[in-house]
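Some notes on the structure that comes next.
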Amino acid sequence: MQRILSTSLTLLALTCFTACSGGSDHDGHGHGEGEYNAFAEVSKAVCVLAPTNNQELPGVSGIITFTKTKSGILVEADVTGLTPNAKHGFHVHQWGDISAADGTGTGGHYDPTGGAEHGLPEAHEHDGETHMMTGGHAGDFGNLEADENGVASYSKTFEDISLTDKNAVLGRAIIVHLKEDDGGQPTGNAGARVAQGVIGIANPE
């Protein structure tokens, strides 16, 4: 009797799992269309920066937005608390994990190729228009340039990253560094991590 009951419960659980997961009617892999299309319409993302526990520059904060355009992803940043009249490297990092107070939970630079060298962003001509490419890593954005008040604004459109397709940045993290990114290897000699934030889905309105 106990064996029959156990078998019945197992079959019931399997039936429920198949029904709840959409079975295999949608495609050959047992996943419904919604699982693949959940992010298809994402057109804008936002990263809210918060300070790490770095004591040399303890109050860096700001907002970075990522907007899908015909030319690529428009990256716009407004950041405060930086060193006055200085440059600060900032990059997309691999993991959207900001649980570590020093920013190290985000891992290294996001490198979807698995073997690219670090680099600074470059402009190039394409079909008569000027486009931007990120550095060697997808998300090597170069530097924020702070004014005399430690405030930086940044606006560049990149054609070699996306929100949800090739070289997608959604769900990863942004790190702002203590020093200037000089383009050197392996990560630009930009020093400690002074601010961090996760790139999340934004209201497109």
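Take any residue in the sequence shown, count from 1 to its spot, add 53: that is its number in our numbering.
Even glycine gets a Cβ: it sits at the ideal position worked out from N, Cα and C.
query	result
Helix, strand or coil, according to DSSP, for Tyr207 in the structure here?	strand
Asn196 and Lys123: beta carbons closer than 9 Å?	no
What is the rounded straight-line gap between the Cα of Ala154 and the Cα of Asp235?	25 Å
Rounded to whole angstroms, how far is the Cβ of Val145 from the Cβ of Ala191, which I believe are closer than 8 Å?	7 Å
Which of the three DSSP states, helix, strand or coil, is assigned to Gly181?	coil
Consult DSSP for Gly244 and reduce its assignment to one of helix, strand or coil.	coil
Looking at C-alpha atoms only, which residue of Gly158, Ala176, Asp180 is the closest neighbour of Thr187?	Ala176
Would you be able to state if there are at least three C-beta pairs under 8 Å between the segment 128-142 and the segment 197-209?	yes
Taking all protein chains shown into account, decide if Ala93 is buried (16 or more other Cβ within 10 angstroms of its Cβ) or exposed.	exposed
Across the segment 244-258 and the segment 210-227, are there enough close Cβ pairs to call them in contact, namely three or more that are closer than 8 Å?	yes
Could you check which residue in Pro257, Glu212, Asp131 has the C-alpha nearest to that of Asp180?	Glu212
Got a sec, what are the start and stop residues for the beta strand (DSSP E) His171 sits in?	Taken as a continuous stretch (DSSP letters only), His171 belongs to no beta strand (DSSP E), as it is neither H nor E.
Given that a residue counts as buried once 16 or more other Cβ atoms are within 10 Å of its Cβ, and exposed if not, what is Gln108?	exposed
Leaving out the 5 sequence neighbours to the left and right, which residues in its chain are closer than 7 Å to Gly241 when beta-carbon positions are compared?	Gly142, His171, Asp234, Asp235
Indicate whether Ile151 and Ala130 have their beta-carbon atoms separated by less than 9 Å.	no
What's the call for Ala205, buried or exposed, on a 16-neighbour Cβ count within 10 Å?	buried
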